[in-house]
Each structure stands twice: as structure tokens, then as C-alpha cells.
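Take a look at the structure below.
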Amino acid sequence: MGQEFGHHLEPLGGGARSEQEVRPMSWARADIQHRAAHGADPLADQLLVLGMCRIDGSEQLDVLTGALPVRARDLVMRHGVHASRGRIVDVQRLYVVTHPEATHHVDGLVGGWYDSHLTVRGLAQAERIAAFLRSSIPADARIQLVSSDLARTAQTAAVIGAALGIEAELDSDLREKSYGIAEGRPQAWLDERFAFPPAQGERLDHDPAIDGSETKRTWVERAHTAVARLERIEADYRVVVTHGGTANWVITAWMRIPVAACGYAAFKLPSGSVTILEEDDRFHNRTLVSLGKRAYDGEV
């Protein structure tokens, strides 16, 4: 059986194995078993082999998943199963969702705290994101859902919450950067007046020259505060619904990157994307698993 998935896997037969080496997969194993039993995914029964195999030596997840068929490897990644030194490692997952298409996108207006709504297309995209999350998170897991309180994110979170069977907690600290008096105006108006930060020198406290606009430091600090607050609640899976800009600082906060180091940091996070992060239960390392993929385009 081990040879089917590559030479790195060795069946657990003959010879004593410690309880730690054959530890069950917890949420992920149970959900994969459920999928196999109910025919929800024809690859799920293939993945059950992970519960009966160990890894030679100290190969990590990249070695293990590299030995699996591509679609099977994707399912392993989706369910947060790791292998480390011959044991299955559970991980805590964080999904960072950026709201899909909103009215300010199609109208060419500045977003920020301007309270635009999802378009009809955006609502359909939110449904696809919700379906992806529902298929990725075990039904009996402890799930936390937190969202920016602006309409476009709250609408997205409501669709996701309906799929997951939970209500979203709204947090204004997860709002997009405030652009002050520019919000709701044509994007061209802002582009003509915005003072871009220097290539060298002060960036976090740089003044963008727009009345009422936040500095980058204020923006990053409040997003980091929101992440620190949500982490006080115990959960196996967390879903944060926010904006394309603020999602950057949700990621840096989760990765424990200090505010002072965020002057140049930026990630490519399109609207309607899902970013996956995780923390393992052994080293407590925090990993960026997948960045800014769109569920409705089949990227995740």
C-alpha cells in the first residue's frame, strides 16, 4: 500500500510503534473517513492510508505530499494534515477571506470606509467561497467567524456563516484603510491628490495628504489588535472576512511580524480571495500555506 504513494511511506506492520507515532488525525482524519464512507470524495479513501503509514526518518509534509497524486495532495492540504517524524500532526487553520466584487469596484469609487455593498456577481462569488469553506472545515469542529463591520464584508460573512451554521462577529478594526474625505469619490480624484510614501525613510507614519486618512501605522496597529483579540477565543478553525488591504495585516499579525517591520510588506490579495495559514501543534510554527487564491475560479 505504501508503494502506491511513493517510496517515502512505510506500512505500519511488524515491530512495536509508540502511541505518538500512530496518533489519530483528529478532525482531519474523522472528516476524511466520513467523506469516504458517504462517497463525498472518491479520493478520501485513498487518504486513509495516511492513518496506517509512517514516514521514514524526518521527512516533512512537502516530502509526503509530493508522493501523492496531485488531487490527493490538494485534499491533504485542504484538511490540515501534516506528518512529522512518523506521526500525524494536527494544525490550527486560519482562512483570511477578502470580500468579492462590490459596488465601489464597478462604479470606480474609492472604497476605504465607504459603505458599499456586494454586487449580484459578488454575492454569487461569496456563495462559492462559502461552499469551499464548508467542504474544507469539518462540521463538528470549533469554528470562529469574524468580519469587518462594513456592509460588503458583513454580507460576505453572512453567506459564509449560513454555510458553516454560525453567526459572524463584527469587528470595526478589520475595516479597510480609511481614506478620509476621498471615500466614495471617484478613484481618479484620489489618485490626483494622494501623496505616495517615499522609497526610503519614514513610511509607517507618512502623511498621505488626504484629510481624515489614516497613516499606515494606525491601520496596521488596529488590524493587529483585531487579530490579538480573536485569538483569545479557542477555535480549531478561524475565518476572518476583511478587505484586500487589511488582509495584509491580518497575515502579518498571525505570522507574528511586528508592526515596525510592516513598512514595506505587501501581499497580492485580489478581491474574493482566500488565504490559508496554519499553526502546527508541535513546533507551533505559523505557515503561509496558500496566498490569495479565488475559490470561484477553482484556484483553491
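My numbering puts the first residue of the sequence shown at 566, with every later residue one more than the last.
Backbone N, C-alpha and C fix where the C-beta goes; we use that ideal spot for every residue, glycine too.
Count the CB pairs spanning the segment 723-740 and the segment 758-765 that are closer than 8 Å, and state whether there are at least three.
-> no
To which residues of the same chain is residue 678 closer than 8 Å at the C-beta, ignoring the five residues directly before and after it?
-> As a first step, residue 678 must be located in the sequence shown, where it is residue number 113. So the list reads 715, 740, 741, 743, 744, 748, once near-sequence residues are dropped.
Could you tell me which of 707, 708, 680, 754 sits nearest to residue 720, measuring between CA atoms?
-> Residue mapping note: residue 720 aligns to position 155 of the sequence shown, counting from 1. Of 707, 708, 680, 754, the residue nearest in Cα terms is 680.
DSSP beta-bridge partners of residue 844 | In the sequence shown, residue 844 corresponds to position 279, counting from 1. BP columns for residue 844 point to 657, 851.
According to the neighbour-count rule (16 or more other Cβ atoms, all chains shown, within 10 Å of its Cβ), is residue 850 buried or exposed?
-> Reading the sequence shown from its first residue, position 285 is the one you call residue 850. Counting Cβ neighbours within 10 Å, residue 850 comes out exposed, since fewer than 16 surround it.
Span separating the alpha-carbon of residue 789 from that of residue 700 | Here residue 789 refers to the residue found at position 224 of the sequence shown. Here residue 700 refers to the residue found at position 135 of the sequence shown. C-alpha separation (whole angstroms): 28 Å.
Among 656, 660, 665, 683, the one whose alpha carbon lies nearest that of residue 809 | Stepping through the sequence shown from its first residue, residue 809 is reached at position 244. Looking at the Cα atoms, 665 is the closest of the given residues.
Cβ of residue 668 within 7 Å of Cβ of residue 806?
-> To locate residue 668, count along the sequence shown from 1; it is residue 103. To locate residue 806, count along the sequence shown from 1; it is residue 241. No, they are not a contact pair.
Beta-carbon spacing of residue 663, residue 836 below 7 Å = Numbered from 1 along the sequence shown, position 98 holds the residue referred to as residue 663. Numbered from 1 along the sequence shown, position 271 holds the residue referred to as residue 836. Yes; because the gap between Cβ atoms is below 7 Å, this pair is in contact.
Do you know offhand how far residue 852's Cα is from residue 822's?
-> As a working mapping, residue 852 is identified with position 287 in the sequence shown. As a working mapping, residue 822 is identified with position 257 in the sequence shown. Near 12 Å, if we compare the C-alpha coordinates of residue 822 and residue 852.
Exposed or buried, which one is residue 703 when buried takes at least 16 other CB atoms within 10 Å?
-> Within the sequence shown, numbered from 1, the residue matching residue 703 stands at position 138. Residue 703 should be labelled buried.
Tell me, please, which residues DSSP counts as bridged to residue 712.
-> Numbered from its first residue, the sequence shown carries residue 712 at position 147. Answer is 735, 806.
Say whether the segment 766-775 touches the segment 790-802, bearing in mind that this needs 3 or more beta-carbon pairs closer than 8 Å, one atom from each stretch.
-> no
Starting from residue 780 and walking both ways along the alpha helix (DSSP H), at which residues does that stretch end?
-> Start at 1 with the first residue of the sequence shown, and residue 780 comes out as number 215. No alpha helix (DSSP H) contains residue 780, which DSSP labels as neither H nor E.
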